[in-house]
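Residue numbers (the numbering used here), protein chains in the order written: chain A, 117 to 253; chain B, 117 to 253.
No residue lacks a Cβ here, since even glycine has one placed at the ideal position from N, Cα and C.
2 protein chains.
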Amino acid sequence: MKEIEQRLTENGVRPTAMRILIYKYMAESEVAIALTDIENAFAKADRTTLFRTLKTFEQKGVVHQIDDGTGVQKYALCETGCNCELEQDLHLHFHCNNCNETVCLTEHKIPNINLPEGYVAEDANLVLKGICEKCST
Amino acid sequence: MKEIEQRLTENGVRPTAMRILIYKYMAESEVAIALTDIENAFAKADRTTLFRTLKTFEQKGVVHQIDDGTGVQKYALCETGCNCELEQDLHLHFHCNNCNETVCLTEHKIPNINLPEGYVAEDANLVLKGICEKCST
DNA sequence: AATTGTAGTGCAACGGAAGTGCATTTATTA
DNA sequence: TAATAAATGCACTTCCGTTGCACTACAATT
Ligand SMILES: [Mn+2]
Ligand SMILES: [Mn+2]
Ligand SMILES: [Zn+2]
Ligand SMILES: [Zn+2]
Numbered sequence: 117m118k119e120i121e122q123r124l125t126e127n128g129v130r131p132t133a134m135r136i137l138i139y140k141y142m143a144e145s146e147v148a149i150a151l152t153d154i155e156n157a158f159a160k161a162d163r164t165t166l167f168r169t170l171k172t173f174e175q176k177g178v179v180h181q182i183d184d185g186t187g188v189q190k191y192a193l194c195e196t197g198c199n200c201e202l203e204q205d206l207h208l209h210f211h212c213n214n215c216n217e218t219v220c221l222t223e224h225k226i227p228n229i230n231l232p233e234g235y236v237a238e239d240a241n242l243v244l245k246g247i248c249e250k251c252s253t
Numbered sequence: 117m118k119e120i121e122q123r124l125t126e127n128g129v130r131p132t133a134m135r136i137l138i139y140k141y142m143a144e145s146e147v148a149i150a151l152t153d154i155e156n157a158f159a160k161a162d163r164t165t166l167f168r169t170l171k172t173f174e175q176k177g178v179v180h181q182i183d184d185g186t187g188v189q190k191y192a193l194c195e196t197g198c199n200c201e202l203e204q205d206l207h208l209h210f211h212c213n214n215c216n217e218t219v220c221l222t223e224h225k226i227p228n229i230n231l232p233e234g235y236v237a238e239d240a241n242l243v244l245k246g247i248c249e250k251c252s253t
């Protein structure tokens, strides 16, 4: 609990009660989280607050946003030491077509791609879709 | 013009006037197209028709859908001979942060990734973001 | 040519999700 | 304690994708 407060403070995010709860919720999840998920988990809180919390977290490098192709923005905690704010920590994400969950594969970095003349890459997003470990057994 | 009709027919899509126009429009574009783009180009036609045309095209392997991370679905014509319907023709896409346009880099295939035990990949999406060739000069 | 059926089109409305303006509450600091 | 700033809540908006249902154009069949 104290660690969460510290983590937030380190990142320039004031550790309010709500923020700590959301952080905790995300830390306990194995999968990427959408705003709707948080909304369901904290029905008492207002959507806007949750929305802005996620945005603040993202901006301060506490979480990174994930576009898994479902059309819903998802988020996951950043690893300690990752510097998403500056340059993306370019790991890939896996989206399961069966259980519809998305996970970070933080060990799997996005390979270097050499682009045609004139193209300058600043960021990359790689999503693999298929059957996840849980669903394949 | 006749080629378009033929192409559509080959793919099991009846070549109506509207469909031919949309195909032509997409063929003349260098970049990926969103529904809104088509809407603007053909103000007289109804959104639904355009929407369903894209869906039909997609389903019949005339176009492929592109998720470039902007939250808007885009489409581009498939290459002749590509078999999107069965397995994705896994080329990468580039989205320009400056002009907001997205292009297919059909020559650049998505590299093979070896996933952890238990994960089975069926599809992949790789989007690079940065400055495009036109905007970098 | 008239009839029947199927595929395409148009209109209207819905629903999810992201986002914003402004008032109110809570925390910080002077 | 008073003044100030930050966080939260409420209401409302916009954008995009999507669907149901009625109507129309087309093609096949008699
Ligand atoms: Mn991740
Ligand atoms: Mn493409
Ligand atoms: Zn799964
Ligand atoms: Zn550009």
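Should B:C198 be counted as a contact of ligand 4 given a C-beta to heavy atom distance under 7 Å?
Numbered from its first residue, the second sequence carries residue 198 of chain B at position 82. Not under cutoff, so the answer is no.
*asked:* What does the alpha-carbon distance come out to for the pair A:V178 and A:T125?
replied: To locate residue 178 of chain A, count along the first sequence from 1; it is residue 62. To locate residue 125 of chain A, count along the first sequence from 1; it is residue 9. Rounded to whole angstroms, the separation of the alpha carbons of A:T125 and A:V178 is 10 Å.
Compute the Euclidean distance between the alpha carbons of B:H224 and B:L208, then round it to the nearest angstrom.
Looking up residue 224 of chain B in the second sequence gives position 108. Looking up residue 208 of chain B in the second sequence gives position 92. Each residue's CA atom was taken as its position, placing B:H224 and B:L208 some 6 Å apart.
Item checked: Which of helix, strand or coil DSSP assigns to B:K140 -> As a working note, residue 140 of chain B is residue 24 in the second sequence. The answer is helix: DSSP assigns B:K140 an H, G or I state.
* To do: Could you confirm whether any beta carbon from chain A is found closer than 8 Å to the beta carbon of B:D205?
  => Your numbering for residue 205 of chain B matches position 89 in the second sequence. Answer no: the Cβ-Cβ gap between B:D205 and chain A never drops below 8 Å.
(message) Going by beta-carbon coordinates alone, are A:G246 and B:E238 separated by less than 8 Å?
(response) Stepping through the first sequence from its first residue, residue 246 of chain A is reached at position 130. Stepping through the second sequence from its first residue, residue 238 of chain B is reached at position 122. Less than 8 Å divides the Cβ of A:G246 from the Cβ of B:E238.
Practice prompt. Could you tell me the distance, in whole angstroms, from the CA atom of B:A240 to the CA atom of A:R163?
Written response: Residue numbering aside, residue 240 of chain B sits at position 124 when the second sequence is read from its first letter. Residue numbering aside, residue 163 of chain A sits at position 47 when the first sequence is read from its first letter. Going by the C-alpha atoms only, they are around 32 Å apart.
| message | Between B:C220 and chain A, is the shortest Cβ-Cβ distance under 8 Å, so that the two count as touching? | response | Mapped onto the second sequence, residue 220 of chain B falls at position 104. It does not; no Cβ of chain A falls within 8 Å.
Check: Expressed to the nearest angstrom, what Euclidean distance is found between the alpha-carbon atoms of A:E144 and A:R135?
Finding: Translated into the one-based positions of the first sequence, residue 144 of chain A becomes position 28. Translated into the one-based positions of the first sequence, residue 135 of chain A becomes position 19. In this structure, the CA atom of A:E144 is about 14 Å from the CA atom of A:R135.
task = Locate the alpha helix (DSSP H) running through B:A157, then write down its first and last residues.
result = By one-based count along the second sequence, residue 157 of chain B stands at place 41. It spans L151 to A157 - the alpha helix (DSSP H) in which B:A157 sits, taken as one unbroken run.
- Looking at the unbroken beta strand (DSSP E) that takes in B:I256, where does it start and where does it end? Past the boundaries of the shown model lies residue 256 of chain B; chain B is included only from 117 to 253, so the question cannot be answered.
- Task: Confirm, please, whether the CB-CB distance from B:D183 to B:A148 is below 8 Å.
- Result: As a working note, residue 148 of chain B is residue 32 in the second sequence. As a working note, residue 183 of chain B is residue 67 in the second sequence. The answer is no: Cβ separation not under 8 Å.
Contact under 8 Å by Cβ, A:I229 with B:L206: Start at 1 with the first residue of the first sequence, and residue 229 of chain A comes out as number 113. Start at 1 with the first residue of the second sequence, and residue 206 of chain B comes out as number 90. Not in contact: A:I229 and B:L206 (Cβ atoms no closer than 8 Å).
- prompt: Mind pulling the chain A residues with CB within less than 9 Å of B:E217?
  reply: Position 101 of the second sequence, counting from 1, holds the residue named residue 217 of chain B. Within chain A, no residue comes near B:E217; the closest Cβ sits about 12 Å away, beyond 9 Å.
Checklist entry - the segment 231-249 of chain B: which residues have C-beta closer than 8 Å to a C-beta of chain A, in chain order? => result Here the close residues are L231, P232, E233, G234, Y235, V236, A237, E238, D239, A240, N241, L242, V243, L244, K245, G246, I247, C248 and E249.
| request: Look at the alpha carbon of B:Y141 and the alpha carbon of B:E195, and state the distance between them as a whole number of angstroms. | output: Residue 141 of chain B sits at position 25 when you count from the first residue of the second sequence. Residue 195 of chain B sits at position 79 when you count from the first residue of the second sequence. If I take the Cα positions, the gap works out to 16 Å.
Just the C-alpha distance for A:T222 and B:Y191, rounded to the nearest angstrom, thanks. In the first sequence, counting from the first residue as 1, residue 222 of chain A sits at position 106. In the second sequence, counting from the first residue as 1, residue 191 of chain B sits at position 75. Roughly 30 Å separates the two Cα atoms.
- Query: Which residue or residues does DSSP assign as beta-bridge partners of A:G246?
  - Reply: Against the first sequence, residue 246 of chain A aligns to sequence position 130. Per DSSP, A:C212 and B:A237.
Helix, strand or coil at B:K190 according to DSSP, with G and I counted as helix:
On the second sequence, residue 190 of chain B is found 74 positions in, with the first residue counted as 1. Three-state DSSP puts B:K190 in a strand.
| said: Between B:A157 and B:V188, how many whole angstroms is the CB-CB distance? I'm expecting something under 8 Å. | reply: For this step, residue 157 of chain B is matched to residue 41 along the second sequence. For this step, residue 188 of chain B is matched to residue 72 along the second sequence. Not confirmed; about 16 Å, so no contact.
Classify A:L231 as helix, strand or coil using the three-state DSSP reduction.
In the first sequence, the residue the question calls residue 231 of chain A occupies position 115. Correct three-state label for A:L231: coil.
Near ligand 3, which residues have their beta-carbon closer than 7 Å to a heavy atom? Put simply, the residues with a CB less than 7 Å from any heavy atom of ligand 3 are A:C212, A:N214, A:C215, A:E217, A:I247, A:C248, A:K250 and A:C251, in chain order.
Please identify the residue among A:A161, A:N216, A:E146 and A:T172 whose C-alpha is closest to the C-alpha of A:C251. In the first sequence, residue 251 of chain A corresponds to position 135, counting from 1. Here the closest residue by C-alpha is A:N216.
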